[in-house]
Amino acid sequence: MTAREEGTVETAAPESAADVPGGELEPRAAAALASSFDGNGGAVEQPPPEGGRPRRRGMRIALIVACAVVVAVAAAGAASGVFGGGDDKTGATAPSGPPATVQVKRTTLTSSQTVDGQLGYGDTAAVQAPGSSGSAQSGGSAQGGGGAGSGIVTWMPSDGDTITRGQPVYKVDQQSVPLLYGSVPLYRTLKPGSSGSDVRMLEKNLRALGYRGFTVDDTYDYGTAAAVEKWQDKLGRSQTGEVRVGDALVASGARRVAKAELAVGDTLAGDVLTWTGTDRVISVDLPVQYADLAKKGGAATVTLPDNTTVTALVTDIGTPTSSNDSSGSSPAGGSGGSSGSGSSNATVPVELKVKDAAKIGAYQAASVSVEFASETRANVLAVPISALFALPGGGYAVEVVTGAKTEYRDVKLGTFGNGMVEISGTGITAGTVVGVPK
Numbered sequence: 055m056t057a058r059e060e061g062t063v064e065t066a067a068p069e070s071a072a073d074v075p076g077g078e079l080e081p082r083a084a085a086a087l088a089s090s091f092d093g094n095g096g097a098v099e100q101p102p103p104e105g106g107r108p109r110r111r112g113m114r115i116a117l118i119v120a121c122a123v124v125v126a127v128a129a130a131g132a133a134s135g136v137f138g139g140g141d142d143k144t145g146a147t148a149p150s151g152p153p154a155t156v157q158v159k160r161t162t163l164t165s166s167q168t169v170d171g172q173l174g175y176g177d178t179a180a181v182q183a184p185g186s187s188g189s190a191q192s193g194g195s196a197q198g199g200g201g202a203g204s205g206i207v208t209w210m211p212s213d214g215d216t217i218t219r220g221q222p223v224y225k226v227d228q229q230s231v232p233l234l235y236g237s238v239p240l241y242r243t244l245k246p247g248s249s250g251s252d253v254r255m256l257e258k259n260l261r262a263l264g265y266r267g268f269t270v271d272d273t274y275d276y277g278t279a280a281a282v283e284k285w286q287d288k289l290g291r292s293q294t295g296e297v298r299v300g301d302a303l304v305a306s307g308a309r310r311v312a313k314a315e316l317a318v319g320d321t322l323a324g325d326v327l328t329w330t331g332t333d334r335v336i337s338v339d340l341p342v343q344y345a346d347l348a349k350k351g352g353a354a355t356v357t358l359p360d361n362t363t364v365t366a367l368v369t370d371i372g373t374p375t376s377s378n379d380s381s382g383s384s385p386a387g388g389s390g391g392s393s394g395s396g397s398s399n400a401t402v403p404v405e406l407k408v409k410d411a412a413k414i415g416a417y418q419a420a421s422v423s424v425e426f427a428s429e430t431r432a433n434v435l436a437v438p439i440s441a442l443f444a445l446p447g448g449g450y451a452v453e454v455v456t457g458a459k460t461e462y463r464d465v466k467l468g469t470f471g472n473g474m475v476e477i478s479g480t481g482i483t484a485g486t487v488v489g490v491p492k
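Counting from 55, one number per residue, gives the positions in the sequence shown under the working numbering.
Structure (C-alpha cells):
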C-alpha cells in the first residue's frame, strides 16, 4: 500500500465480496465498495450528488471503504459494512479517528444572497437655468433660478461643495440664487394677496433664516412682504417684496454639488449644475428574483473595500427596470417572472443608508458588496459544511465520534448559512462529536 497524496491511499480492489475474509459484505457496503474501484483496481472518484450540494472529496468515500476491507482482513474474519443500514441507521466503525472534530451545536442560521452595490451620494439631479425645458422643480429635480432667466454667471460653487438653506447655489449678475427647503417649487410670483402651500413653504424658510413680523400660514400678507424685503437686501437683490419664479431654488434638504456645468462668465442657460443629497448611500440594482429580500426599513450587511462590514437599512425601493437586451422578450400577456432575456435581466433599484456614517470612513465612492438575509432558522442543530460526507447513492452522512469509536450516520440537511448547515438524524443531538478536516 503506497501513499500517493495526503488523504488518499491506494489499495488493491477485491474481485468480489467473497474475497473478504470472514464472510460476505452486506449489499449496501458491497455496492459502495464496487463503485469505488475501476476494472483495473484503481480508485474511482465518486460523482457529485444531484442538486449541486457541497461535498467532501469523492476519494474520501473510496478510502473509507478500502480501509474497512483492510481492517476486516487484519481482524481475521471480522466482517464490516460501510455506510450500512442497521436498525440504528449507523454506518461502519471507522479504523481510526478523524483528523479533527467539532460538536454539533444548537444555533440560529441565516441564509443570504450577496449582490454588488455602489457607495456614493445617490442619483444626481440637474439644476437648469430659468426658462429651460423642465425647469420646474419639486424636492430636488431640475429647476432654474435668476428671475428672467438671462444674464452672466458671476459665481459658481465647486464640485463636492455642500449647500444649505439660505446659501447661494450660484450668482447671476452678482445676485444670489439661494436654496430653500421644501417640496413645493416656486412656480408663480408670490406677493401680498397670494395664498397656498407655496406661501407656507416660503414663510417657513424665512422663519428658519431668522426673519420675523409675520405668521407662518398660507397667506402672503404685508408682514410677509416686509420680511422678504429684508431677505432680498441681504442677498443683494432689488427690494421688491415679491418672490418671482427662479428667485430661489427648492430642494428637500441640503444639497451636494456633483458637477458644475457652467463657469464664471458663461451665459446663464441650460444645465447650471448637477447635485445630490449630502448623505452617502449604497445603491443596488437587485435582480428581480431577489426583490422580495429588500423591504423598506430592512437591514443588510455591507462589505467595504477594506473588508470591514457595516449594517445598512433599506431606505428606498424603486420600480423594476428591464435590460435593453433585445435578444429575447416576454411572451404577450406574460406576467412577472416569465422567461426571456427581458425579464431575466430585470432589476429593482434599491437604496440603503448606513445610520452611523462614521463607520463608512473616508470613502466617498466605492464598489461594495451587499448581503441580504433570505431565511432565518432559529434553534436548529448545525455543523460546519465540511463535516458532510456525500454518499455514493445520494444523500449525506457525518462521521460521529464516540470515545474511541467512529461511525457514519445518515443526516438530512436544512438551511445553509455562515459556513454551517442544519442537520437532523438518528442519534444527532447538541454536543454530538463529529469529524471534520483539519
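Just so it is clear, CB atoms sit at the ideal spot from N, CA and C, and this is done for glycine as well.
Quick caveat: nothing in here was measured; it's all calculated off a predicted structure.
The beta carbon of L289 is closer than 6 Å to those of S230 in its chain, skipping five residues each way along the sequence. By the Cβ-count criterion, P184 is buried, with 16 or more other Cβ atoms from all chains shown falling within 10 Å of its own Cβ. Taking a cut-off of 8 Å for Cβ pairs, the stretch 405-419 and the stretch 151-168 do not touch, as fewer than three such pairs fall below it.
Under a 10 Å Cβ-count criterion, Y265 is classified as buried, with 16 or more other Cβ atoms of the shown protein chains found around its own Cβ.
Shortest Cα-Cα distance from N361 to any of V318, V326 and V422 involves V422. Using a 10 angstroms sphere on the CB of V226, the tally of other CB atoms reaches 16 or more, which defines it as buried. For the pair E405 and G176, the Cα-to-Cα distance works out to about 8 Å. Beta-bridge annotation (DSSP): T375 is paired with T401. Within the same chain, and ignoring the five residues on either side of G171 in sequence, the residues whose Cβ sits closer than 6 Å to its Cβ are I336, V338, V422 and V424. When DSSP assignments are scanned along the stretch 241-270, the uninterrupted stretches of alpha helix (DSSP H) that are 4 or more residues long and fall wholly within it turn out to be 251-262. Nearest neighbour of N259 by Cα position, chosen from Y241, G205 and A281, turns out to be A281.
Non-local beta-carbon contacts of V299 in its own chain, meaning distances under 6 Å to residues more than five positions away in sequence, involve L240 in chain order. For A317, the secondary structure class from DSSP, reduced to helix, strand or coil, is coil. Note that the C-beta distance between A451 and Y462 is below 8 Å. Per the Cβ contact rule, the stretch 350-366 is not in contact with the stretch 208-215 (fewer than 3 Cβ pairs under 8 Å). In the three-state reduction of the DSSP assignment, D227 falls in the coil class, being assigned neither a helical nor a strand state. Leaving aside the five residues that flank E296 on each side, the residues in its chain whose CB is nearer than 8 Å to its CB run, in chain order, T243, L244, K245, A279 and V282. Under DSSP, W329 shares a beta bridge with A179 and V311. Counting other Cβ atoms within 10 Å of its Cβ, G471 reaches 16 or more and is therefore classed as buried. Annotated as proximal: I477 and K466, with beta-carbon spacing under 8 Å. Within 10 angstroms of the beta-carbon of T486 lie 16 or more other beta-carbons, which makes it buried. The alpha-carbon of A308 is positioned some 38 Å away from that of T164. Closest by C-alpha distance to T357, out of A441, A305 and A366, is A366.
Judged by their CB atoms, A484 and V169 are not nearer to each other than the 8 Å cut-off.
Between the beta-carbon of S237 and that of S306 there is about 6 Å, and that keeps the pair under the 8 Å contact cut. Beta-bridge analysis with DSSP links L233 to L303. Note on geometry: alpha-carbon atoms of P403 and T480 lie some 46 Å from one another.
Residue pairing of R160 in beta bridges, as defined by DSSP: L435.
Assigned with DSSP and collapsed to three states, G151 falls in coil, not helix or strand. In the displayed model, Q418 falls within coil according to three-state DSSP, outside both helix and strand.
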